[in-house]
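Trainee: Residue numbers (our numbering), protein chains in the order written: chain A, 1 to 338; chain B, 1001 to 1483. All C-beta atoms, glycine included, are put in the ideal place defined by N, C-alpha and C. Note that the coordinates shown come from a computational prediction; the quantities given were computed from them, not determined experimentally. This is the structure, below, for whatever I ask next.
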């Protein structure tokens, strides 16, 4: 019974607490299940659908990781974490990896003892205003009332932006996105500010999307990416290179549909190494040779994941922008598989 | 002088005048209005102001409710339909219709919905001897209603005939038992916790059975040890034995038994629980365990034994002095640090334990109020009769103290039940915020605001109002004074 586990466990708790840092990869393999810290629900990025299956941009990376480590994208358990619980859940070992729109900052890297192993989405804070307001630049927002979610980095960015531009504003504090959207639509604030991806998703579902504009200024850097515990570098490598495998797949034109065919016919040595046809890239990480091939087959390449979840064909309609490959003017750049 | 009078008056009336109707201002609706709403200039002004405010509120709410749309599959579709009808506002209840199962069960596997439903029906049968002990009508009515509810719900889910027959058979048998021997239903109550655990979480049938053996040890120690050790000694020895049993024998024995006789139900993980299923599990478990714990703490706080008293006061003041959210975060995060890595100490269980502690600390103080309200003579009378401590508490003190405390106890219960929505802060899917957030993350329903809140609020109101009505019934039933 769980109760007895609890009592027994308490006695040895202090002794063993330090051991959790080591060998997440072995733990995941032994458990046969990857535990992925996810969002409690963010449109396009991570949320369960009507039948309880998790879907989204961040969720796809968890599934790719499940496919590369365990050979099965369905062997992933998603643990919803809130903004407050996410880092403790990771630090305490309740989740193996946190892929949940978390911004990479110096403090989180050092004081919280985490490693941000990659940036899977470059976001930035933007503003949305009603078209009637006649504002075309955030610099014209002097004296505006601004809806802002409390307790986030966006709150600090907003203060910095207005101060550095010598402007004043009146904050309207709201608790979450749905409340912000309601306040904004009810006219309680002139502008709503949050991450640009969130603004796009909100705008898409408003009664009349055409009457709202997202201003061109992006006032902060929000590099969002997967997080692992400090000190378990091998596991960090596994997460990082699984992500880079999806990026490289896009660069090389490998998709979920053609991955088998490419593996059989390609003569490009890097593609052959990526897909495990030659070399031992997987083994260097403690994975199977075809680990990355399975990941690509499970969710598709980075571009496919983007388009399917948040891209221009979806209601969220985000452009690739900074998240285009480096070859197309974006920032997404994978080191070589060599 | 009377003569004079008789000569001057020509007509003396010898019948009563028929009673005239009261003036318009002194009867009926006008009188009521004048007395209650327009009793003076100040009163009239307030009335007019109140009517204005009510009009303002209702003029937007009533059309919104009257234009309710139940059929739309997404928020934008709902808005289109409303716009096509020419309505400016309307409630889009389609979100409740399409996500109804998530609001009720979270992500519990749909083909297993019969298990929580059966557990829900059994809950009322198990509660009936507690709420209406020995009453045949009440027990039968509750069991019958629970049976009908569960069977209708299963029919609505389109369950097969076999499953309907099994579930219906169990419930009908219990209904028959309620009619034949309502007091025997206490056994259903006693066995409810392990049965409910098995139904909800599934897994091997042996783990609840073996855990139950621990309680069997306590009862056995009481029966055989009472003569030698006395009541407290034998129960204490039983508890020590049971705890040793749970720590060292329970798990291996359950594993061994399930290896030999592998019977059980398909397991369901805790992270699949959500919605009202989760709220009711946490609420009902915490309510049932916090009452006895609260009574013990209240008695402990009044005890003359130094250690018992200090522990009780320390527990009550510490738990009561800390916000519930802090305790929930402790349950969700801090405990993980203390436990060895790889230990999977169920999150729902952790939350239930701390919510129970929280409610017990409050209840202890409510009950202490009841104990303090008893006249000193009651305690002295119990002593004079030669009753020992536990007999005095059981027969004289607690029945009176608990009766006095009923409003406070039920109020704590209602507060506790509503507090279950706070578990969303530790990532569990409570109906109010957890499920709603997931629903809003679906692009079909992103931007919906009032409808989920109104729906969840209405269901909570029904349940809390039910508890309140029962407590008022209980107060009337137990009223022995002649006020």
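1. Which value, in whole angstroms, describes the spacing of the CA atoms of residue 1017 of chain B and residue 1029 of chain B?
2. What number of angstroms, rounded off, separates the C-alpha of residue 321 of chain A from the C-alpha of residue 199 of chain A?
3. Could you check whether residue 166 of chain A and residue 139 of chain A sit closer than 8 Å to each other, using their CB atoms as the reference points?
4. Comparing alpha-carbon positions, which option in B/1369, B/1200 and B/1296 lies nearest residue 1308 of chain B?
5. Exposed or buried, which one is residue 15 of chain A when buried takes at least 16 other CB atoms within 10 Å?
6. To test your reading of the DSSP string, which unbroken alpha helix (DSSP H) runs of 4 or more residues are found completely within the region 1331–1417 of chain B?
7. Within 8 Å (strictly less), CB to CB, does residue 318 of chain A reach chain B?
8. Could you have a look at residue 1037 of chain B and say whether DSSP puts it in helix, strand or coil?
9. Closer than 7 Å, Cβ to any Cβ of chain A: which residues of the region 1437–1450 of chain B, in chain order?
10. Use the C-beta contact count for residue 312 of chain A: other C-beta atoms within 10 angstroms, 16 or more gives buried, fewer gives exposed.
11. Give a yes or no on whether the minimum CB-CB distance between residue 1099 of chain B and chain A is below 8 Å.
12. Go through its chain and collect everything with a Cβ distance to residue 349 of chain A's Cβ below 7 Å, but skip five positions before and after it.
13. Spatial neighbours of residue 21 of chain A within its chain, please: CB distance less than 7 Å, with the 5 preceding and 5 following residues excluded, ordered by chain position.
14. Residue 219 of chain A by DSSP, collapsed to three states: which one?
15. Taking 7 Å as the cut-off, is the beta-carbon of residue 1370 of chain B closer than that to any non-hydrogen atom of the ligand NAD?
16. Please classify residue 328 of chain A as buried or exposed, where buried requires at least 16 other C-beta atoms within 10 Å of its C-beta.
17. Along the chain, where does the alpha helix (DSSP H) containing residue 264 of chain A start, and where does it finish?
18. Can we say the region 1440–1452 of chain B touches the region 82–89 of chain A, given the rule of at least three CB pairs closer than 8 Å?
19. Where does residue 54 of chain A fall in DSSP's three states?
20. I'd like to know whether the C-beta of residue 1124 of chain B is nearer than 8 Å to at least one C-beta of chain A.
21. Do residue 1367 of chain B and residue 1294 of chain B come within 8 Å of each other at the CB atom, strictly closer than that value?
22. Please report whether the beta-carbon of residue 172 of chain A lies at a distance below 8 Å from any beta-carbon of chain B.
23. Under 8 Å, with one C-beta from each stretch per pair, do the region 1352–1359 of chain B and the region 107–118 of chain A reach the 3-pair mark?
24. So residue 1478 of chain B and residue 1409 of chain B are supposed to be a Cβ contact under 8 Å. How far apart are they, rounded?
25. According to the neighbour-count rule (16 or more other Cβ atoms, all chains shown, within 10 Å of its Cβ), is residue 150 of chain A buried or exposed?
26. Listed in chain order, which residues of the region 93–127 of chain A have Cβ atoms closer than 7 Å to some Cβ of chain B?
27. Relative to the alpha-carbon of residue 1136 of chain B, which residue among B/1186, B/1348, B/1325 and B/1289 has its alpha-carbon at the smallest distance?
28. Are residue 193 of chain A and residue 154 of chain A closer than 8 Å when you measure CB to CB?
29. Excluding five sequence neighbours on each side, which residues of the same chain lie with their C-beta closer than 6 Å to the C-beta of residue 1373 of chain B?
30. Just checking: is the beta-carbon of residue 58 of chain A within a distance shorter than 8 Å of some beta-carbon in chain B?
31. Just to confirm the assignment: which complete beta strand (DSSP E) runs, minimum length 3, are found wholly within the region 24–95 of chain A?
32. Assess, as a yes-or-no matter, whether the region 1244–1252 of chain B is touched by the region 1383–1401 of chain B under the definition of 3 or more beta carbon pairs within less than 8 Å.
33. Going by DSSP in three states, residue 1322 of chain B sits in which element: helix, strand or coil?
34. Return yes when the Cβ of residue 1150 of chain B is within less than 8 Å of the Cβ of residue 1121 of chain B, no when it is not.
35. In chain order, what residues of the region 1318–1334 of chain B put their CB closer than 9 Å to some CB of chain A?
Mentor: So, to answer that:
1. About 26 Å.
2. Near 15 Å, if we compare the C-alpha coordinates of residue 199 of chain A and residue 321 of chain A.
3. No, Cβ-Cβ distance for residue 139 of chain A and residue 166 of chain A is not below 8 Å.
4. Scanning B/1369, B/1200 and B/1296 for the CA closest to the CA of residue 1308 of chain B turns up B/1296.
5. Residue placement at residue 15 of chain A cannot be trusted, given a pLDDT of 35 that sits under 50; what the coordinates show is reported in the next sentence. Of the residues assessed, residue 15 of chain A falls on the exposed side of the cut-off, its CB having fewer than 16 other CB atoms within 10 angstroms.
6. Listed in chain order, the alpha helix (DSSP H) runs fully inside the region 1331–1417 of chain B are 1335–1338, 1347–1373, 1376–1384 and 1389–1392, counting runs of at least 4 residues.
7. Between residue 318 of chain A and chain B, the shortest Cβ-Cβ separation is not below 8 Å.
8. Correct three-state label for residue 1037 of chain B: coil.
9. Those residues of the region 1437–1450 of chain B placed with their C-beta closer than 7 Å to a C-beta in chain A are 1437, 1438, 1440, 1441, 1442, 1443, 1446, 1447 and 1449, ordered along the chain.
10. Looking at its Cβ environment, which holds fewer than 16 other Cβ atoms inside 10 Å, residue 312 of chain A is exposed.
11. Yes, residue 1099 of chain B lies at the interface with chain A (some Cβ there is under 8 Å from its Cβ).
12. Past the edges of chain A, shown from 1 to 338, lies residue 349 of chain A, and the structure says nothing about it.
13. The predicted model places residue 21 of chain A with a pLDDT of 44, which falls under 50 and marks its position as unreliable; any figure quoted below should be read in that light. Excluding sequence neighbours, residue 21 of chain A sits near 229, 231 and 232.
14. Residue 219 of chain A carries a coil assignment under DSSP once its states are collapsed to helix, strand and coil.
15. The ligand NAD is not among the ligands present in this structure, which contains no ligands whatsoever.
16. In the assembly as shown, residue 328 of chain A is an exposed residue. Its beta-carbon has fewer than 16 other beta-carbons within 10 Å.
17. Residues 259–265.
18. The region 1440–1452 of chain B vs the region 82–89 of chain A: no contact.
19. Correct three-state label for residue 54 of chain A: strand.
20. It does not: the Cβ of residue 1124 of chain B has no partner Cβ on chain A nearer than 8 Å.
21. A Cβ-Cβ contact shorter than 8 Å links residue 1294 of chain B with residue 1367 of chain B.
22. No, residue 172 of chain A does not count as interfacial toward chain B.
23. Cβ pair count under 8 Å is below three, so no.
24. About 13 Å; that fails the 8 Å criterion.
25. Exposed, by the Cβ-count rule.
26. Hits within the stretch, in order: 93 and 94.
27. Sorting B/1186, B/1348, B/1325 and B/1289 by C-alpha distance to the C-alpha of residue 1136 of chain B places B/1186 at the top.
28. For the 8 Å CB-CB criterion, residue 193 of chain A and residue 154 of chain A form a contact.
29. Cβ-Cβ distances below 6 Å link residue 1373 of chain B to 1404 in the same chain, with the five nearest sequence neighbours on each side left out; the list follows chain order.
30. Between residue 58 of chain A and chain B, the shortest Cβ-Cβ separation is not below 8 Å.
31. Inside the region 24–95 of chain A, DSSP marks whole beta strand (DSSP E) runs of 3 or more residues at positions 34–39 and 76–81, from first to last along the chain.
32. The answer is no - the region 1244–1252 of chain B does not touch the region 1383–1401 of chain B, with fewer than three Cβ pairs under 8 Å.
33. Coil, per DSSP.
34. Going by C-beta atoms, residue 1121 of chain B is nearer than 8 Å to residue 1150 of chain B.
35. Cβ contacts with chain A: 1329, 1332, 1333 and 1334.
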